[in-house]
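**Student:** Residue numbers (my numbering): 136 to 480. For each residue, glycine too, the CB sits at the ideal point set by N, CA and C.
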């Protein structure tokens, strides 16, 4: 059987040390990759120079002048063999979905690879993670395959792959896959890390929607793929999230009642969560009345929490209202939220 050609894609943002661990895990796969592709959302951090210092890579002469668009490098593996490393960057952060979309569009133009394998910069794949996926992909290329996600201690992260109820986008909409079943396990969606898809699937379903920027972008892409192709979880293929969660909440008190609130500088996370979930609920919820009622309750609850427990109360409430408005109207101005947060308090 012919070896299938696979390119692994990674989007990075200010996680250079974790990125090196990620890349090394990709270079050491038991089923060898043909190329790596890296999109850098923080080139001002000198990510490429850091990689050059930590890994043995060199620039192909013919692409030196074009590296800011889609530069082609050679990266050396532990066994002395080389493979291509495609590197791209832009002047501003366009999010994970924007980075993956950029890479996939360029790689589809090359029309060289059979499959694309996505991996976040704070994830490490087990040595045989790709091999376990390829085993099934060789049986049926007209399906997408997903690795199981675990934290660095080996605990399964159930919410990263499973089933989804859009009627309850503001609540417990995600249902983890039933791991008592044998692989392959059919699911509705998977997060980006460990997601393997044939180039024909990507061409037909399209690339991730860069407008989402942060959160729900993988869910939206999965459901586009799921419309025509099944998605299967292969629980023997493991991907580990090695980055410790950043502390984004702090306790706040109102007359002795404490509540954890997202710190104001990170409140953009709330904006994207509410905007993107509202947008998806509006277009995908089967029961629109239930969706609207839950949306109103979520709006009231978030405004209440901001008023009683939040600092920068007016700005928080403004951001919350803006998120619902943008989600309902399909507005995706991703720079606006950061301007609101960072403008003079």
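So, residue 364 versus residue 278, is the Cβ gap smaller than 8 Å?
**Tutor:** yes
**Student:** Considering just the uninterrupted stretch of the beta strand (DSSP E) at residue 255, what are its terminal residues?
**Tutor:** 250 to 255
**Student:** In three-state DSSP terms, what is residue 269?
**Tutor:** Here residue 269 sits in helix by DSSP.
**Student:** Spell out a yes or no on whether the stretch 427 to 438 and the stretch 317 to 332 are touching, meaning 3 or more CB-CB pairs, one atom from each, closer than 8 Å.
**Tutor:** no
**Student:** Just checking my contact of residue 328 with residue 369 at CB under 8 Å: how many whole Å lie between their CB atoms?
**Tutor:** Not really, about 13 Å apart at Cβ, beyond 8 Å.
**Student:** Once you ignore the five residues that flank residue 405 on each side, which residues in its own chain have a CB closer than 6 Å to its CB?
**Tutor:** 397
**Student:** Taking 8 Å as the limit between beta carbons, can you name the residues of its chain near residue 248, skipping five residues before and five after?
**Tutor:** Taken in chain order, the residues that qualify are 140, 141, 142, 169, 170, 242 and 334.
**Student:** Quick check on residue 481: does DSSP put it in helix, strand or coil?
**Tutor:** Here the chain covers residues 136 to 480 and nothing more, so residue 481 does not appear.
**Student:** Could you tell me how far apart the beta carbons of residue 459 and residue 452 are, in whole angstroms, since I believe they sit closer than 8 Å?
**Tutor:** Not really, about 11 Å apart at Cβ, beyond 8 Å.
**Student:** Quick one: what does DSSP say residue 414 is sitting in, helix, strand or coil?
**Tutor:** helix
**Student:** Mapping DSSP to helix, strand and coil, what is residue 178?
**Tutor:** helix
**Student:** Ignoring anything shorter than 3 residues or poking outside the stretch 270 to 338, list the beta strand (DSSP E) runs there in chain order.
**Tutor:** 279 to 286, 296 to 299, 309 to 311, 320 to 322 and 330 to 333
**Student:** So what does DSSP say about residue 201, is it helix, strand or coil?
**Tutor:** Because residue 201 carries a pLDDT of 46, less than 50, the predicted location of this residue cannot be relied on, and the following value inherits that uncertainty. Residue 201: helix per DSSP, three-state reduction.
**Student:** Whole beta strand (DSSP E) runs in the stretch 336 to 372 with 3 or more residues, listed along the chain?
**Tutor:** none
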